[in-house]
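Everything on this sheet refers to the single structure shown next.
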């Protein structure tokens, strides 16, 4: 492995220390997160639509598909998201939606 690090021009000891620090910080995570200002609108829309999930219920249980598009658009209007930003904010909401669906459908 030392040879691989050397071939890539990476300090092996530095890589080990970085990996250890990363693992330690993950173990001590409190669940807090940082929200960047450019994602604020998407986060607020996502929270606003929290009860607007398309859900499929069957014998296998409940499956969360995603947020109702009409609810997302309604939230854009209510929250005053500028029309020119809709595409960007919608893309950001879809990332949140996908991650939430993965968690919700894992239960």
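Residue numbers (the numbering used here): 133 to 239. Glycine included, every Cβ here is placed at the ideal spot set by N, Cα and C. A quick note: this is a predicted structure, and the numbers were derived from the prediction, not measured.
Less than 6 Å between C-beta atoms, sequence neighbours within five positions excluded: which residues of the same chain meet that for residue i?
i	result
residue 213	173, 221
How would you label residue i, buried or exposed, when you count the other beta carbons within 10 angstroms and need 16 or more for buried?
i	result
residue 103	As displayed, the chain neither begins before 133 nor continues past 239, which places residue 103 out of reach and without an answer.
residue 204	buried
residue 207	buried
In terms of residues, what are the limits of the alpha helix (DSSP H) holding residue i?
i	result
residue 213	First-last for residue 213: undefined, no H or E at that position.
residue 236	218-236
Measuring straight from C-alpha to C-alpha, what distance separates residue i and residue j?
i	j	result
residue 186	residue 202	11 Å
residue 216	residue 164	31 Å
residue 197	residue 233	7 Å
Take residue i and list the residues in its own chain whose beta-carbon comes closer than 8 Å to its own, dropping the five residues that flank it on each side.
i	result
residue 210	180
residue 194	187, 188
residue 200	181, 184, 185, 186
What are the start and end residues of the beta strand (DSSP E) that includes residue i?
i	result
residue 197	193-199
residue 185	185-190
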